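In numbering that gives the first Met the number 0, the protein residues as written are 0 to 205. Here a beta-carbon is modelled for each residue, glycine too, at the ideal position from N, C-alpha and C. Remember, it's a predicted structure, so these values are computed and weren't measured experimentally. Presented below is the structure to which this report refers.
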Amino acid sequence: MGTTLYSTAYCPYGWSARIVLYEKGVLFDTFEVDLKNQQPEFLAVSPRARVPVFVDGKTQIVDALVINEYIEETYPEPNLLGATPAERAAVRSTVIDHDWIRSQPLARVMAMLLHRPELREEEGMHRHLGSWYRYLDRLERHFASDAWRVLGRYTLADVSIYTTVAISRGFGMQVGERPALSACMRRMSRREPVRRAAPERLPAAV
Numbered sequence: 000m001g002t003t004l005y006s007t008a009y010c011p012y013g014w015s016a017r018i019v020l021y022e023k024g025v026l027f028d029t030f031e032v033d034l035k036n037q038q039p040e041f042l043a044v045s046p047r048a049r050v051p052v053f054v055d056g057k058t059q060i061v062d063a064l065v066i067n068e069y070i071e072e073t074y075p076e077p078n079l080l081g082a083t084p085a086e087r088a089a090v091r092s093t094v095i096d097h098d099w100i101r102s103q104p105l106a107r108v109m110a111m112l113l114h115r116p117e118l119r120e121e122e123g124m125h126r127h128l129g130s131w132y133r134y135l136d137r138l139e140r141h142f143a144s145d146a147w148r149v150l151g152r153y154t155l156a157d158v159s160i161y162t163t164v165a166i167s168r169g170f171g172m173q174v175g176e177r178p179a180l181s182a183c184m185r186r187m188s189r190r191e192p193v194r195r196a197a198p199e200r201l202p203a204a205v
């Protein structure tokens, strides 16, 4: 088996992995997963139907942070995780906080829009969006004094934040009057690997 990333175009975690792979100059194939009509090839590498999945030869990984750390260890330049144990811990903690806590309200909104219309209700949408926008306010305060999320330089944390915020904008959830966060998004979008990894489309809400 070669090197293949299984994901959907609009999955922020898959997008993050694509950015990291392009930053490292890794040659890889992409497999576009149809989550509504899951392909046998996808289920063969992800029995629980989770994305993204990274296959590198006989190695199969199902978790965005683990995928990116595997790529980082296999292709150490440019360094995106940190040079010391303390730095790596800082980046990991920031990514985990973003992926598994701060962005979960957005994930719930997207699930309602894309996959579970029966769960869609105005009060819940309003509550989740409120949590998400409060997190954007927190990011705005941070980026007002620091160009990067952690370590004072470009890391996996910036990749995770960029893809999630960009996906939310694709679904109509704008950054609004947050100039520092907007500047961060522009700074990231100027990177060639980021542009190259960008999805060509977003799915329509159900």
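Burial check for Pro-84: the Cβ neighbour count within 10 Å stays below 16, so the residue is exposed. A Cβ-Cβ distance of about 29 angstroms is found for the pair Leu-80 and Phe-170, leaving them out of contact under the 8 angstroms criterion. DSSP places Asp-157 inside the alpha helix (DSSP H), whose first and last residues are 155-169. Ile-160 has its alpha-carbon roughly 23 angstroms from the corresponding atom of Thr-73.
Residue nearest to Val-50 within the set Lys-57, Leu-42 and Asp-136 is Leu-42 (criterion: CA-CA distance). In this chain, the alpha helix (DSSP H) harbouring Tyr-12 covers 11-23. With a 10 Å radius around the Cβ and a threshold of 16 neighbouring Cβ atoms, Gly-151 comes out exposed. With distances taken between CA atoms, Ala-8 lies nearest to Thr-163 out of Thr-163, Cys-183 and Glu-191. Unbroken beta strand (DSSP E) stretches of 3 residues or longer found wholly inside the stretch 29-115: 52-55 and 58-60, given in chain order.
Ranked by Cα distance from Leu-180, the first of Leu-138, Tyr-21, Arg-189 and Ser-188 is Leu-138. Rounded to the nearest whole angstrom, the C-alpha separation of Pro-11 and Ile-166 is 7 angstroms.
By a beta-carbon distance limit of 8 angstroms, Ile-18 does not contact Val-149. Their separation comes to about 17 angstroms.
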